[in-house]
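Position one of the sequence shown corresponds to residue 1 (the working numbering), numbered consecutively onward.
The beta carbon of each residue, even a glycine, is placed where N, CA and C say it ideally should be.
The model shown is predicted, which means the values in this text are computed figures rather than measured ones.
Everything on this sheet refers to the single structure shown next.
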Amino acid sequence: TSPDENFTSLSKLNNHIASFTANLENGDLLNSTQGITQHQATAAYKLLQNVSLLLEKQQEPNCSKNNSFNGT
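Take a look at the structure:
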């Protein structure tokens, strides 16, 4: 595959620490600057999965609030 221009330009920024790209379906490391391991890419992949799940749950209607007993 051809080099990703965004990836290359980001890695040249001042104070850049590290960058990587990973497969969105399984977290496999596709490209990285020095120092990024598959273990770190997998951890970031799992974190993104958890955030996505939390965002989905936040957008669901909250049945417990709608069906609560007020007592008045």
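Taking a cut-off of 8 Å on C-beta distances, the segment 52 to 59 does not touch the segment 29 to 36, as fewer than three cross pairs fall below it.
Judged by their CB atoms, Leu24 and Ala41 are not nearer to each other than the 8 Å cut-off. In this structure, DSSP gives Ala41 a helical state, which the three-state scheme calls helix. One Cα belongs to Glu60, the other to Val51, and the distance between them is close to 15 Å.
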